[in-house]
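For the protein sequence lines, the chains are A and B, in the order given. Just so you know, we're using the working numbering here: the first sequence kicks off at 16 and counts up by one. Just so you know, we're using the working numbering here: the second sequence kicks off at 57 and counts up by one. Below is one structure, written out as structure tokens; the observations come after it.
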Amino acid sequence: MPLDTSTYHLAHLRLDGRRWNELRRFHALLSTQASADGSSYLESGNSKVICTVTGPSEQRRSGAPASNAQRDSAQIIVDISLAGFSGVDRRKTARGSKDRKVMEMQHCVEECFGGVVLGHLYPHSVVQVNVAVLSQDGGVLAACINAVGLALVDAGVPMMGYVAAVTVGSTGTGGGSGGEGEDADDPVLDLNGLEENELPFLTLATVGGGGDGGGDAGEGDKVNVLVMETRMQMAKLESMVAVGLEGCKRVRALLDAAVKGHGKKVLEGKVG
Amino acid sequence: MAPYANLPLSPAELSYLYSSLAQDPPIRPDGRSATQFRPLIAESNILPSANGSARICFIDGTEAVVGVKAEVEQTHENHLVAQNDTRDGERTGRPDPSSAGSWFEISIEIPGLRDDDALPVFLAAMLTEALLGDGELTLKLRINNRFHWRLYIDVLLLSQPLSYPLPLLSLTTHLSLLSTRLPALISEGDEDPLFSDDWEASTFLYTQPNSNAAGKLHQSKPPITLLVISAGENIIFDPSRDELAVAEAVVAISIRQNLLGHMEVVALRTIDAPSRLTASGVPRSLDATTGTNASVSNADAQALREEDEGQSVWRPPRGGINRAKLSQMMATATMENGIGQEVMGGLAGVQGS
Chain A
16 MPLDTSTYHL AHLRLDGRRW NELRRFHALL STQASADGSS YLESGNSKVI CTVTGPSEQR
76 RSGAPASNAQ RDSAQIIVDI SLAGFSGVDR RKTARGSKDR KVMEMQHCVE ECFGGVVLGH
136 LYPHSVVQVN VAVLSQDGGV LAACINAVGL ALVDAGVPMM GYVAAVTVGS TGTGGGSGGE
196 GEDADDPVLD LNGLEENELP FLTLATVGGG GDGGGDAGEG DKVNVLVMET RMQMAKLESM
256 VAVGLEGCKR VRALLDAAVK GHGKKVLEGK VG
Chain B
57 MAPYANLPLS PAELSYLYSS LAQDPPIRPD GRSATQFRPL IAESNILPSA NGSARICFID
117 GTEAVVGVKA EVEQTHENHL VAQNDTRDGE RTGRPDPSSA GSWFEISIEI PGLRDDDALP
177 VFLAAMLTEA LLGDGELTLK LRINNRFHWR LYIDVLLLSQ PLSYPLPLLS LTTHLSLLST
237 RLPALISEGD EDPLFSDDWE ASTFLYTQPN SNAAGKLHQS KPPITLLVIS AGENIIFDPS
297 RDELAVAEAV VAISIRQNLL GHMEVVALRT IDAPSRLTAS GVPRSLDATT GTNASVSNAD
357 AQALREEDEG QSVWRPPRGG INRAKLSQMM ATATMENGIG QEVMGGLAGV QGS
């Protein structure tokens, strides 16, 4: 079913009633599982993700001698599994053979956190991250990154700052649905599943540098992940990234609120 | 070796644990009574994209999520047993219990294990067995003579399998089946099925208690599987990981509630007890360091150990379970106001989010 983007220009409201720069409902919980070192549950619209972290723990001995990089800093191993019931149609993926898309996502998350986690504090150790995607409705990679960040915070793994991820799409001619002039190409923030199928989009993650760690990380923001699998005009990229940076800032504030809310709850539990 | 089996307990600790469980009344490490279930956190209907879903967290930190998806599938002729229905006079088909197993599919995912490893396969077989033994699920999945629903029950264990995960997975499956809804059928007879678009009009796979007009008949419920162990003369329900390590026999009992509100056993299996893999202790008379009999021959040592019979030091349990104990277990599980009804009643009270 093709997405009808033509009405967007009339009211500037999207299919689910949001404006171009509005995020979906964002709900995050920390410490959802008692047996893991760190765990989190994240809902972004209808995308739902559970993440558990084990470690940092001792590296398992394998046959090959550890490389220098493995010896000097903690290794992050990410395992993402898309549940069979997560999509619209049930799809079974055999565990032995993960499909390419999931492998790429795993690699992307590993790379993303490899630079953010202060791994040199934990030489010879492994941080095992398991992500279970329970429901996918757009922005799965972004949801995974946000959830992994929260779970690492819960596990007490030191990081340079929050990693906040968001998707940005571009309406208008990119999908070939008929252009209405240059100003018709608006970037839209945080796509849902329907929009993601139709529009060219990118996933952007930034790591907050310095600042108070909260909503206003300002100058220190660094782009950490930029993934794009669809084609679009080069000229649009800049405005999309600009919108994405703004979105990441908002997501970071939400992540921070979730962590602080959890901390408050823990503190209240300890005190009284 | 199964991941839940390696326990860092010494023979002395095992012996202590066993003797306190074998006492009358048994003393369990967490202070529960023999038929008391551990507290759990449960929620159902958590996923918008699945027909039914549930999540349960046990107090030991193990957590599972189950999602149920349904698809319409054409029924092969040989799946049906011809049968004359006297009420409407037409020939109706009834699913043949022997082949209806393919009408639903349970797959279990455990982190760190491949899905063709022994543990997930065995667990899935046990859950399937209980649902098939129940026999009711396949009747509910029938749409008409030509079509039926096919259920995919995907079980995700989100934590490491700290103890034997069967009760957790079974309870979560039970809860998700209770919350499973199928779209309302608007076509009639043997036509190609056509369903209402209105999700509000969908019907529960297992009828809800408030929609039960008759009042006399109880709600039929999907089966649950409970784990029972024996220690000495005692029967202990819902064993924790430590208790499993000293169990003489581990039995999985699947029970369901029939329409009269009584509990029935639908399936029974003994499970290889992890206690058989524990190391036995060394009797004092054989201990070289305390030294009276420092130089006993191998055969003598063997004989001494046999004589001891696990009285003074820990010896991994041997043999099986006798029939009287087994029937006592079944009776306790299905007792009126017993543990089976308590667990099912507790899960029935779980509200969808």
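Yeah, the Cβ is synthetic: ideal placement off N, Cα and C, and Gly gets one too. Predicted, not measured: the structure shown is a model, and the values here were computed from it.
Classification of residue i by the beta-carbon crowding that lies within 10 angstroms, buried from 16 upward
| i | result |
| --- | --- |
| W255/B | exposed |
| V399/B | buried |
| S243/B | exposed |
| G405/B | exposed |
| L315/B | exposed |
| Q90/A | buried |
| L250/B | exposed |
| D294/B | buried |
| A68/B | exposed |
| L79/B | Checking the sequence shown, residue 79/B turns out to be Gln, not Leu. Exposed. |
| T221/A | buried |
| I97/B | exposed |
| I83/B | exposed |
| G171/A | exposed |
| A232/A | Annotation note: pLDDT 46 at A232/A (below 50); position unreliable, coordinate value reported separately. By the 10 Å Cβ count, A232/A comes out buried. |
| L195/B | exposed |
| A359/B | exposed |
| A323/B | buried |
| L282/A | exposed |
| E362/B | exposed |
| M249/A | exposed |
| L70/B | buried |
Extent of the continuous alpha helix (DSSP H) to which residue i belongs
| i | result |
| --- | --- |
| K264/A | L252 to V286 |
| S383/B | R379 to T390 |
| R297/B | R297 to L300 |
| E213/A | G208 to E213 |
Those residues which DSSP pairs with residue i across a bridge
| i | result |
| --- | --- |
| K125/B | Y208/B |
| T281/B | S310/B |
| I162/B | I209/B |
| V240/A | A220/A |
| C159/A | According to DSSP, which records beta bridges pairwise, C159/A is partnered with nothing at all. |
| Q130/B | F203/B |
| V338/B | BP columns for V338/B are empty, so no partner. |
| M174/A | V132/A |
| A179/A | T221/A |
| A287/B | N290/B |
| A120/B | I112/B and L213/B |
| T259/B | L238/B |
| F251/B | L241/B |
| A305/B | S286/B |
| G1/A | Nothing about residue 1/A can be reported from this structure: the residues present for chain A run from 16 to 287 only. |
| S185/A | P202/A |
Run of the beta strand (DSSP E) containing residue i, from where it starts to where it stops
| i | result |
| --- | --- |
| Q90/A | Q90 to L97 |
| H42/A | F41 to L45 |
| M400/B | Not the beta strand (DSSP E): M400/B falls in the alpha helix (DSSP H), residues I395 to A404. |
| K116/A | K116/A -> not in any beta strand (DSSP E); alpha helix (DSSP H) instead, spanning R115 to G129. |
| S59/A | G53 to S59 |
| P202/A | P202 to L204 |
| G108/B | G108 to F114 |
| Y100/B | Before going further, note that residue 100/B is Ser rather than Tyr in the sequence given. Here the beta strand (DSSP E) through S100/B covers L96 to S100. |
| P67/B | Run containing P67/B: none in the beta strand (DSSP E); it sits in the alpha helix (DSSP H), P67 to L77. |
| L324/B | M319 to I327 |
| N290/B | N290 to F293 |
| G70/A | S62 to E73 |
Rounded distance between the beta-carbons of residue j and residue i, thought under 8 Å
| i | j | result |
| --- | --- | --- |
| R40/A | G60/A | 6 Å |
| Q151/A | G102/A | 6 Å |
| V132/A | M174/A | 5 Å |
| T30/B | V321/B | This structure cannot speak to residue 30/B, because chain B is shown only from 57 to 409. |
| H277/A | L57/A | That belief does not hold up - the Cβ atoms of H277/A and L57/A are roughly 13 Å apart, past 8 Å. |
| S232/B | S109/B | 5 Å |
| A308/B | L283/B | 6 Å |
| L183/B | T281/B | 7 Å |
| T182/A | G153/A | 7 Å |
| N145/A | C66/A | 7 Å |
| A147/A | N161/A | No, A147/A and N161/A are not in contact; Cβ-Cβ is about 14 Å, not under 8 Å. |
Every unbroken beta strand (DSSP E) within the region 132-157 of chain A, with a cutoff of 3 residues, ordered by chain
140-150
Entirely within the region 185-244 of chain B and at least 4 residues each: give me those alpha helix (DSSP H) ranges in chain order.
192-196 and 222-234
Contact list for the region 205-222 of chain B against chain D, Cβ threshold 8 Å:
The structure shown contains no chain D; the protein chains it does contain are A and B.
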